[in-house]
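Quick note on full-length UniProt numbering: the sequence shown kicks off at 1 and runs consecutively. Idealized CB from N, CA, C, for every residue including glycine. Please read these numbers as outputs of a predicted model, since none were measured by experiment. What follows is one structure encoded as structure tokens, with my remarks underneath.
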Amino acid sequence: MAPSITNELLARNAAAYKQAVNHRFLKGVAEQTANESFQAWLSQDLHFVLGYIKILSLTLARVPKEAKPGKAESDLVGFATAIGSITEEFAFFREQAKIHDIPLTYTDDTIGPVTRRYIEYLTKLATEGSYAELLTGVWAAERIYLDSWSYAAESTPLNKTNKWQKFINHWTKPDFVAFVNWLEGLTDEAAGEVSEKVDNVFKAIIQLEVEFWDAAVAAEESK
């Protein structure tokens, strides 16, 4: 049996993908050496979450209405649920920031250039790209987070409490795994085959994720 579209994308881009999901920022989270970098990452991820709510809303609006009976309704409910979860994530960030005494600001002038480009790229996919390209972008972003934080979990020393454990748990919990798997199925169905455009979207998301982690590490190194 031929590999699924998403599995083929992962196989084609394995080396670049590994750079994203095994990034040194995540190693720093696992070893608890990420301090200023974690604060910088959290601040920018909060910005990303605010933009991502809009992107998921645009995705929901583009769910094909001509799908077989029950399919469109199921997909609409799925994205509506995802929007609710992302909204809760915003509250989770603020709660954890307070616990760890991390100041959070989310005015327009505090958005980093990488975060801004990432949001703009996904927004462009949502407004100008095909449905397959849009789903590929959304799935890729979520799959990278699942594998990234799974790497952090696997890299955490045994029998040692990690102060960032709730963040690790947040993106490795069963509900999130199920969400990523659901997106994977939608992407496989919508894409049909690995076109050059779909592959380019996957490559772009990988690169943006690497740059997102890099920006956090740069904040630590500038201290």
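- Which residue from Gly51, Ala219, Leu60 puts its Cα closest to that of Thr107? Each of Gly51, Ala219, Leu60 was checked against the Cα of Thr107, and the nearest Cα belongs to Gly51.
- Task: Over the uninterrupted alpha helix (DSSP H) stretch that includes His47, give me the two end residues.
- Result: Segment 36-61, the alpha helix (DSSP H) holding His47.
- Start and end residues, alpha helix (DSSP H) containing Asn7: Membership of Asn7 in the alpha helix (DSSP H) is indicated by the continuous run 5-12.
- Query: Looking at the structure shown, is Ile102 part of a helix, part of a strand, or coil, going by DSSP?
  - Reply: DSSP, reduced to helix, strand and coil, places Ile102 outside both helices and strands of the structure shown, so it counts as coil.
- To the nearest angstrom, how far is it from the Cα of Lys71 to the Cα of Thr187? Here the C-alpha atom of Lys71 lies approximately 14 angstroms from the C-alpha atom of Thr187.
- Alpha carbon of Ala218 to alpha carbon of Glu66, nearest angstrom: About 47 angstroms.
- Item | Cutoff 7 angstroms: Glu220 Cβ touching any chain B Cβ | Absent from the structure is chain B; it holds one protein chain and no more.
- Item | Given Asn162 as reference, the closest of Asn7, Leu10, Gly28, Arg94 once Cα atoms are compared | Looking at the Cα atoms, Gly28 is the closest of the given residues.
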